[in-house]
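Scroll down for the structure; my scribbles are underneath it.
Residue numbers (the numbering used here): 90 to 213.
Shown next, in the form of structure tokens:
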């Protein structure tokens, strides 16, 4: 894993139907996006009962790994970043053992049937 600095934290609408979030992380002068609609989105049922709160889980895990209390405090936080095929796939604490890989964590929830809905992995 490489050391990086969070340059921005984004929450945005995808296709006017879903919400997602991403961290923009700079590693050795190159910006990578961590998260985003290709990894997760919330609102597959328009926010009704039965939707898995991936956005909330993503936000909480990012705050937890970075050791901050607010989304606005993520900017300039230093993290370890796992990069695979030019994509940031996981973040970790510089000092500590917390690592967050949303594709693994959220994929496990989907594969174990915990969400109860058929949700595509990628929104076009």
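Don't be surprised by glycine CBs; every beta carbon is placed ideally from N, CA and C.
DSSP bridge partner residues for residue i (one or two, in chain order)
i, result
"residue 167", "94"
Burial state of residue i, where buried means 16 or more other Cβ atoms lie within 10 Å
i, result
"residue 189", "buried"
"residue 101", "exposed"
"residue 173", "exposed"
"residue 183", "exposed"
As assigned by DSSP and simplified to three states, the class of residue i
i, result
"residue 159", "coil"
"residue 183", "coil"
"residue 127", "coil"
Cβ-based neighbour list, residue i, same chain, cut-off 7 Å, excluding 5 preceding and 5 following
i, result
"residue 212", "In this predicted model, residue 212 has a pLDDT of only 32, less than 50, meaning its place in the structure is not dependable enough to derive any value."
"residue 165", "94, 95"
"residue 157", "163, 166"
Beta-carbon contacts of residue i that lie in its chain and below 6 Å, excluding the five residues immediately before and after
i, result
"residue 128", "191, 192"
Contacts around residue i, its chain only, beta-carbon distance under 8 Å, and the 5 residues preceding and following it disregarded
i, result
"residue 114", "93, 94, 95, 96, 120, 121, 122, 123, 168, 170, 177, 180"
8 Å contact criterion, which residue i and residue j should meet: CB distance rounded
i, j, result
"residue 152", "residue 109", "Contact flag wrong, Cβ pair sits at about 16 Å."
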